[in-house]
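Beneath this line is the structure, given in structure tokens, with notes to follow.
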Amino acid sequence: MQNKGLVISLAVVITLLCFYYLSFTFVSYNVQRKAVAAAADASGNIDINKKQAYLDSVWTTPVYNLLGAEFTYKEVKDSELSLGLDLQGGMHVTLEVSPADIIKSLSGNSQDSAFLSALRVASKEQKTSRDNYSTLFFRAFRKANPDKRLASIFANSSTRDKIATNDDDKKVIDVVDSEIESAIDRSFTILSNRLDQFGTSQPNIQRLPGTGRIQVEIPGADNPARVRKLLQGVARLEFWDVIEPNTLNTQLLAINDVLVKEQKAAAKPAVATGATTSTDTTNADGDDLSSLLGDSTKTSSADSAAAQKGLDSLQNMANVSALFSLSNPPSAFRYALKDTAKINDIFRRHDIRNLLPRTVGVFWANKPDQVGNQESLELFFLDIGRDGKSRLTGEVITDAHSDLDEYARHAVSMKMNAKGTRTWAKWTAEAASKSPKGRIAITLDNTVYSAPSVNGEIPNGNSQISGNFTDIEAKDLANVLKAGSLPAPTKIVEESSVGPTLGAESIRNGILSIIVGFLIIIFFMLVVYNTSGWVADLAVILNLIFLLGVLASLNAALTLPGIAGILLSLAIAVDANVLINERVKEDLNSGKSQEASIRAGYKGAFSAIIDSNVTTFIKGLVLLAFGTGLIYGFALNLIIGIVCSFFTSVFFTRVIFEYYTRRGKKIAFSRSWSKTLFRSINFDFIGNRKIYYTISGAIVVAGIAMIAFKGFNYGVDFKGGRTYIVGFEKSISASDVRGALTQSFEETPEVKTFGGTTKYKITTSYLVDDDSDEATVKAEQRLEEGLAKIGDNKAEVLSFYKVGPTIANDIKVSAVWSLLIAVVLMFLYILIRFRKWQFALGTVVSLFHTVLVVLSLFVLLEPIMPFTMEIDQAFVAAILTVIGYSINDSVVVFDRVREFLSLKKSSESTSSVVNNALNDTLSRTLITGMSTLFVLVILFFFGGETIKGFTFAMLIGVLIGTYSSLCIGTPVLVDFSPEEKQAEPKPVAA
10 MQNKGLVISL
20 AVVITLLCFY
30 YLSFTFVSYN
40 VQRKAVAAAA
50 DASGNIDINK
60 KQAYLDSVWT
70 TPVYNLLGAE
80 FTYKEVKDSE
90 LSLGLDLQGG
100 MHVTLEVSPA
110 DIIKSLSGNS
120 QDSAFLSALR
130 VASKEQKTSR
140 DNYSTLFFRA
150 FRKANPDKRL
160 ASIFANSSTR
170 DKIATNDDDK
180 KVIDVVDSEI
190 ESAIDRSFTI
200 LSNRLDQFGT
210 SQPNIQRLPG
220 TGRIQVEIPG
230 ADNPARVRKL
240 LQGVARLEFW
250 DVIEPNTLNT
260 QLLAINDVLV
270 KEQKAAAKPA
280 VATGATTSTD
290 TTNADGDDLS
300 SLLGDSTKTS
310 SADSAAAQKG
320 LDSLQNMANV
330 SALFSLSNPP
340 SAFRYALKDT
350 AKINDIFRRH
360 DIRNLLPRTV
370 GVFWANKPDQ
380 VGNQESLELF
390 FLDIGRDGKS
400 RLTGEVITDA
410 HSDLDEYARH
420 AVSMKMNAKG
430 TRTWAKWTAE
440 AASKSPKGRI
450 AITLDNTVYS
460 APSVNGEIPN
470 GNSQISGNFT
480 DIEAKDLANV
490 LKAGSLPAPT
500 KIVEESSVGP
510 TLGAESIRNG
520 ILSIIVGFLI
530 IIFFMLVVYN
540 TSGWVADLAV
550 ILNLIFLLGV
560 LASLNAALTL
570 PGIAGILLSL
580 AIAVDANVLI
590 NERVKEDLNS
600 GKSQEASIRA
610 GYKGAFSAII
620 DSNVTTFIKG
630 LVLLAFGTGL
640 IYGFALNLII
650 GIVCSFFTSV
660 FFTRVIFEYY
670 TRRGKKIAFS
680 RSWSKTLFRS
690 INFDFIGNRK
700 IYYTISGAIV
710 VAGIAMIAFK
720 GFNYGVDFKG
730 GRTYIVGFEK
740 SISASDVRGA
750 LTQSFEETPE
760 VKTFGGTTKY
770 KITTSYLVDD
780 DSDEATVKAE
790 QRLEEGLAKI
800 GDNKAEVLSF
810 YKVGPTIAND
820 IKVSAVWSLL
830 IAVVLMFLYI
840 LIRFRKWQFA
850 LGTVVSLFHT
860 VLVVLSLFVL
870 LEPIMPFTME
880 IDQAFVAAIL
890 TVIGYSINDS
900 VVVFDRVREF
910 LSLKKSSEST
920 SSVVNNALND
930 TLSRTLITGM
940 STLFVLVILF
950 FFGGETIKGF
960 TFAMLIGVLI
970 GTYSSLCIGT
980 PVLVDFSPEE
990 KQAEPKPVAA
């Protein structure tokens, strides 16, 4: 083997890198463990707020020192292998920006009957169409009004500089589409900044390409109502006067005095009477600091000069409060991120608020600045007036865009309407006349995005905001400024929530399935292949290290389907090793030397390994392109696992074998009992093909009949609706739960066991067409009302999943496309590789047979199985995985068939040669099938209820896939292959 040094170097370097990235996961786990210890009381109960406070306190503090390089907890979290929502609990939400509302705004809220009719048609068609909303709208408008120009609707005061009355329809469509895209970007920016308040819970937000949707995942979120309100609230863009801190000297000194007295009192030992001075630290209602300060009362004034002197001398005082001591530099009101929670605690207190004038609001900057070696956030004091209403809002802004100022620095230009221009001219004149120049803050959702100084009156409403902006920051601010002029409401079209109880159970199941499945693979290879078995095991271990290391480097999240993908990739790695070992065994048994056998074994197995890996890789790419959420995680892990397994199985193991061979050491590739394992089987697969065709046909016909009679049992992600996982204190029957909920939901919900008689999966289509928060709350209330009827059996909602009809249709269509594309791509690959259409036909027939039989068995067995068997995204992923497995089998079998046909004698028939090839490769087929089945059985029993239907589909799929390649696909190949010379096949034992 050439390039052995390169293989060894790569293995060492990649292993070290993987351990480097995985080390962050262990450090993060250790910090979490310390946080739990700090938050636990004497009884072991954990205070969630204390735990979060501990994590916040170390967020920007170095917690990991690696060879002199220090990493903060934030940096550690950014590099760890995190857990998915199904393992740790939390909330997953898909939001859709409403294009209908944007189109209405661009039309100036037109009441034109043709316009409104086209909107209604587009809204109706969107539920069943893959086209975007604007395309549906324009198509409906043109169809009903072929002679009417779009400019007659969209040329108005709000689009004056973008659309003219004489513009053609293409120009109007381009502008509308551009504004919709801009609105989606703006919503993404706004949501990203809102989610920053979740701190160390690390929410993840991303745009879903090709749609107007935004996906949000918030680990650990336990208040769905608050999250919904936060994500769907209307953006509030407002302008306020900045109050410089030196004008609040008296009040700030008074606050400092109160805090210093408390510090001194706390430092004194408690007196015998136990008397204490209490301080009101009750939190006010609301989630933002400004709302907490809005009702404070005005204090009496004091001598400003004395106050200034006192404030300036604060930094020389021995005892100052956290308000000043934590500021960097002192009195600048800039605080390290880890200290912002302490400042918030100060201003949440009623007694502190009462020391500030009621016209003063306290706001944080939107983003931190770099001060020295740490990030600091500035605290602003703004003049919110007595009524808390800003003089200008985002509604007056007609346009905003990133620009360059006179010094070629990134800036933002904005334009106001007539009303805004008048107010802005007067306001900027007042600010410019102040000494020093006044500042006007721009806030969105109560955080300050910019607070520029005003150099002079701006009379025409055209303003430019300069500052230390990057290009991206300037574009973000421009997007923010447009938030009021063109509102982009978002609605939740998909939502799921997993409670911590179900998440902890999933973690246990996931870890157990990985450990047991991994150990079974290791043990199986050792038992069957002796010395070469431990080499294969070493490759599997290295493969697992590589896989986890790569996932950690990508900061990926580990989910239950992801764990299934890991175990499946390990089974693929075992398959490659089985192919190699079986080939080497054949050559050893034929009398070749160990060195020659190893060389021939790798050469003979290489093409089959390449083909099987490429076809599985194709399947993974299709899943990656069309899958979302958990299925995406499964595909990602599978693809990474395929690449890693190819390197470890083909290159790494060969280096080890050649190392021992050169030193004259004997390597045992089997044990005495496994030397000819499954080699003595001689079965007439081709001769019995009509029997197989009949059996398969009967199953498929029965399945189709059942489908025609009762239809598919679609999951909620394919039909829309709401699903709840509910746990009970005591055992209860499904019929009792169903009876209690039927009246509440005004329909009979679907109730199925979820791992026992104390846990049920409840699915309802109640208010499925209503995406509003009110509908979600009403459905939850109806669920609670129904559960309350059960009596003394306490119930708890462990998880929740909601899918709207529009996204359900999109998921279903994507699933169909993924299946079709996967089959076509695999067909083309087999056609190219084998260069005979009979091989490609046999593969496709085998694939369709596998899908139809698995689908039929799923439908036939669904009524009698004690667990949920739904046709959903997970089932589609299982089908695609089974297709990949079936193709692996077909490729390996066809590779051996091609080899045997190339040596075919003129006296032999094609059927007899093919039958011999099938029996020859049967050993590999059965051993690989057994190793894969072992893994799937472990996943089925230990993987938990969440993926039980998924693993069951894969379990029967692997069995049917093996059967298809041997008993269906290959016989079809024979049936369509021309006989070069007919010869009476010799009878073989059945």
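Going by our numbering, the letters in the sequence shown line up with residues 10 to 999, in that order.
No residue lacks a Cβ here, since even glycine has one placed at the ideal position from N, Cα and C.
Q. Per the contact definition of three or more C-beta pairs closer than 8 Å, is the stretch 588-600 in contact with the stretch 67-75?
A. no
Q: Return the Cβ separation of L630 and I651 in integer angstroms, given the expectation that the two are a contact with Cβ distance under 8 Å.
A: Not a contact, Cβ separation roughly 10 Å.
(Q) Closest to F694 by C-alpha separation, out of V922, L588 and F876, would be which residue? (A) V922
Q | Completely contained beta strand (DSSP E) runs for the stretch 799-864, where each covers 3 or more residues | A | 804-812
Q) For the stretch 859-942, which segments carrying the alpha helix (DSSP H) assignment without a break, of at least 4 residues, lie completely within its bounds, in sequence order? A) 882-911 and 919-929
Q: Report yes if the CB atom of T766 is closer than 8 Å to the CB atom of T757, and no otherwise.
A: no
**Q.** C-alpha distance - R731 paired with D745, whole-angstrom precision
**A.** 20 Å
**Q.** Segment limits, alpha helix (DSSP H) that includes T432
**A.** A427 to A441
Q. For A164, which of R129, T220, N175 and R844 has the nearest alpha-carbon?
A. N175
Q: Note the first and the last residue of the continuous alpha helix (DSSP H) segment covering P108.
A: P108 to L115
Q.
From the DSSP secondary-structure annotation, give me the bridge partner or partners of H101.
A. E226 and S505
Q) Under the three-state reduction of DSSP, which class applies to N58: helix, strand or coil? A) helix
Q) Per DSSP, what kind of secondary structure is A20 in: helix, strand or coil? A) helix
Q | Inter-residue Cα distance where the pair is Y29 and I530 | A | 26 Å
**Q.** Every unbroken beta strand (DSSP E) within the stretch 319-375, with a cutoff of 3 residues, ordered by chain
**A.** 343-345 and 369-374
**Q.** Whether V902 touches T979 by CB criterion (8 Å)
**A.** yes
(Q) So for V457, helix, strand or coil by DSSP? (A) strand
Q | Where the alpha helix (DSSP H) containing I716 begins and where it ends | A | R698 to K719
Q. Excluding the five sequence neighbours on either side, which residues of its own chain have a C-beta within less than 7 Å of the C-beta of F949, listed in chain order?
A. K957, T960, F961 and L964
**Q.** Separation of R395 from I355, as counted between CA atoms
**A.** 22 Å
Q. In terms of residue numbering, what span does the alpha helix (DSSP H) encompassing D984 cover?
A. T979 to D984
Q) Among T568, S742, I741 and T773, which one has its Cα closest to the Cα of E755? A) T773
Q. Between which two residues does the alpha helix (DSSP H) harbouring E84 extend?
A. Y82 to S88
Q.
Which residues does DSSP list as the beta-bridge partners of K500?
A. E105
Q.
Which residue wins for smallest C-alpha separation from F33, given the options P108, S562 and E89?
A. E89
Q | V868 beta carbon less than 8 Å from that of I716 | A | yes
Q) Alpha carbon to alpha carbon, how far is L159 from V181? A) 7 Å
Q: Compute the Euclidean distance between the alpha carbons of H410 and S116, then round it to the nearest angstrom.
A: 21 Å
Q. Is it true that the CB of S541 sits closer than 8 Å to the CB of N590?
A. yes
Q: Please specify which runs of the beta strand (DSSP E), each continuous and at least 3 residues long, are wholly inside the stretch 519-581, giving them in chain order.
A: none
Q: Verify whether the separation of the beta carbon atoms of H858 and I676 is less than 8 Å.
A: no
Q.
Between S448 and P461, how many whole angstroms is the CB-CB distance? I'm expecting something under 8 Å.
A. For the record, residue 448 in the displayed sequence is Arg; it is not Ser. Rounded, the Cβ-Cβ distance is 6 Å, consistent with contact.
Q. By how many angstroms is the C-alpha of N118 removed from the C-alpha of D178?
A. 19 Å
Q) In three-state DSSP terms, what is V463? A) coil
**Q.** Chain-order list of residues whose beta-carbon lies under 7 Å from that of V16 (same chain, five-residue window excluded)
**A.** F660, F661 and V664
Q) Do the CB positions of V583 and V549 come within less than 8 Å of each other? A) yes
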